[in-house]
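Below is one structure, written out as structure tokens, with a few remarks after it.
Chains as they are written, first to last, in the working numbering: chain A, 1 to 155; chain B, 156 to 571; chain C, 572 to 703.
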């Protein structure tokens, strides 16, 4: 996984503070935390000499930009819709015990985090995820049950 | 609003909880089904199509030509039907009787002997619903349901809450994979993956039997006895154990005897009962085996002859073609040109072929008569038997002009 | 002058184990004559050392041959954690079936799963087309 140092290497390293951070390293950390986006660095975005690095950074950081608020990413090309994560997710079980909790189609969709659409897992209601919020815990229910590592959490 | 559920006939699990959205008489969205199910349900639906000698024609011409070819044959073969409804299968049995035909399906080179033993009650079997409600130990042997029956673990065998399994898979269930390679299913089983060398399954069974009986489990390939004993103890502690058998195990065993001995030993030594469920792949192979068994006492490889029925390897699709014993073939919902060895295919290309299938296949392209039938559960209704023998009835998702296999067979018989 | 072409290409004996793959099955249903199905079917996965010994790079084609047939498919290194030299994996397909023996001993059951064959670089030859 990408770390802050790798991102820093691709930045202008001028500590110009235009992004509002005190240094380029601080900006790299903010990028990683998805507090800021690559576009928040004006020199990187506008100066042609940084074009290559700008694109590289966009590529590196983009999966995280596509992630949900809990950092959950679904690698759709790997997922084949077995539904293991849907049925194993403790929040799904608690919110829909006789539907997905029992291995069936959802009966009560309102608070489901994971469900299968067109053969691929979709994440929604992520604020319900146990990895989110004040009392968050590092639940791995959907990760360890996946046969193809299609679910990943980025930090 | 009450939800409307449909049945997916993509594999032998016959998931009956599928929701769909329609757009312009085609399925545009599928909920809860796996990727294979989605591909299956979205399979280009459309109108009926009829070909004779590769040219588009009308229904009457195609049906008439099919009937004529079958009538002209002395020893016709009817093959396939694992992807047809119970109703179509029964119709095909009737047709085979009328034609004195040889009748066989793909179980001929896969699950046939195991299904025969199952229907003769040589071991205990149970339903998938019982597995969900009660099973604490599930063994996948030479079976990779993650790839062949994707929802098998989430719907039944490992992850769901069941009546007597309310505390979740981590606490109350153990999944074990025994295989020659680390399959997707083996990956989920984590530490309970036992890798057996190629062709080493029978010996592994004997060693397990020894371990269960308090003897030292030995194998010629020196499988660590400690690990084998751990597995034996795990199985012994099971209150409700199930062994799911895949095609790969069947190809590795010369005879099923060690498997039956293992089942007997497990039922003798384990805390609870042990059941066996074959992971049949085609959506209604179980139906073919049971429907034919009910009629003849055999699950496949039969030849009807003036009111009597003969059975044996010589009536298998492979041997009857090899021996040039059949002189025309009606292939229903199967693609032998893709699935059989090349050398057998050559024999098939020597005789007139008639195909009934929802899609164009290698076989249909070579057929004298080819008829496109409706996709079961999408364009045509009927019923089928799930891998555990539970009957599942289904209605089509939308009205289609595409005839079902059953209707086509009916019309062919009428045209005689 | 290309002296390499005079050297006989290294050849290996293999036991081929066939398997099924869900994405191959999906591709089959979607279009059994399509590119995706061919890409996911006309394929053999070798131990990475075997691949190297055959002087092959990922994605190059190989000729698989035995007394029952010959077929050209793409070669890849398998992602298996444990080495499996001499054993290769191939999705169940019309391509693997070209190598299946007719010798059934009268049982009616061909040996679909465990196929013995030799493998050699196909030197750029294209994947066998399915024609009858």
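Note that the Cβ used here is the ideal one computed from N, Cα and C, for glycine as well.
- Under the Cβ criterion of 8 Å, residue 635 (chain C) is not counted among the residues facing chain B.
- Between residue 421 (chain B) and residue 429 (chain B), the C-beta gap is smaller than 8 Å, which places the two residues in contact.
- With respect to the 8 Å criterion, residue 349 (chain B) and residue 333 (chain B) are classified as neighbours on the basis of their beta carbons.
- For the alpha helix (DSSP H) assignment, the uninterrupted runs of no fewer than 4 residues enclosed by the segment 501-571 of chain B are, from N- to C-terminal side, 517-520 and 560-569.
- By the Cβ criterion, the segment 136-151 of chain A is not in contact with the segment 188-208 of chain B, since fewer than three pairs of Cβ atoms, one from each stretch, lie closer than 8 Å.
- For residue 655 (chain C), the secondary structure class from DSSP, reduced to helix, strand or coil, is coil.
- Taking a beta-carbon distance threshold of 8 Å, residue 116 (chain A) counts as an interface residue toward chain B.
- Contacts with chain C (Cβ-Cβ distance below 8 Å) from the segment 531-546 of chain B involve no residue at all.
- Counting only Cβ-Cβ distances below 7 Å, residue 624 (chain C) has no contacts in chain B at all, with the closest Cβ about 20 Å away.
- The Cβ atoms of residue 236 (chain B) and residue 568 (chain B) lie no closer than 8 Å to each other.
- Here DSSP, grouped into helix, strand and coil, assigns residue 53 (chain A) to helix.
- In this chain, the beta strand (DSSP E) harbouring residue 466 (chain B) covers 463-466.
- Residue 477 (chain B) and residue 605 (chain C) have their alpha carbons spaced roughly 31 Å apart.
- Secondary structure remark: continuous alpha helix (DSSP H) runs of at least 4 residues inside the segment 619-675 of chain C, in chain order: 619-624 and 665-668.
- Interface annotation, residue 129 (chain A): not in contact with chain B, CB-CB separation never under 8 Å.
- Going by DSSP, residue 122 (chain A) is part of the beta strand (DSSP E) stretching over 120-123.
- In this structure residue 22 (chain A) is exposed. Its beta-carbon is surrounded by fewer than 16 other beta-carbon atoms within 10 angstroms.
- Out of B:326, B:544 and B:566, the CA that lies nearest to the CA of residue 281 (chain B) is found in B:544.
- The contact set of residue 421 (chain B) on chain C, defined by CB atoms closer than 9 Å, is empty, because the minimum CB distance reaches about 25 Å.
- When the beta-carbon positions are compared, residue 393 (chain B) and residue 367 (chain B) stay at least 8 Å from each other.
- The residues 476, 477 and 479, in chain order, have a CB closer than 7 Å to that of residue 502 (chain B) in the same chain once the five nearest residues on each side in sequence are set aside.
- Judged by DSSP in its simplified three-state form, residue 376 (chain B) adopts coil rather than helix or strand.
- Residues of the segment 78-89 of chain A with a Cβ closer than 9 Å to any Cβ of chain B, in chain order: 79, 80, 81, 82, 83, 84, 85, 86, 87 and 88.
- For secondary structure counted as the beta strand (DSSP E) over 3 or more consecutive residues, the segment 386-467 of chain B holds these complete runs in sequence order: 395-400, 428-433, 457-460 and 463-466.
- Taking a beta-carbon distance threshold of 8 Å, residue 499 (chain B) counts as an interface residue toward chain C.
- DSSP lists B:259 and B:486 as the bridge partner or partners of residue 234 (chain B).
- Taking the Cα positions, residue 456 (chain B) is about 36 Å away from residue 427 (chain B).
- Between residue 301 (chain B) and residue 338 (chain B), the C-beta gap is smaller than 8 Å, which places the two residues in contact.
- Shown here, residue 593 (chain C) sits in a helix according to DSSP, grouped into three states.
- Put simply, the CB of residue 216 (chain B) is far from chain A, with every gap to its CB atoms at 8 Å or more.
- If you draw a straight line from the Cα of residue 672 (chain C) to the Cα of residue 341 (chain B), it is about 29 Å long.
- CA-to-CA, the gap between residue 144 (chain A) and residue 99 (chain A) works out to about 21 Å.
- For residue 359 (chain B), the enclosing alpha helix (DSSP H) covers residues 356-367.
- Each residue's CA atom was taken as its position, placing residue 117 (chain A) and residue 228 (chain B) some 48 Å apart.
- Taking C-beta atoms under 8 Å as the contact rule, residue 243 (chain B) and residue 560 (chain B) qualify, at a distance of about 4 Å.
- When rounded, the separation of the alpha-carbon atoms in residue 402 (chain B) and residue 537 (chain B) is 27 Å.
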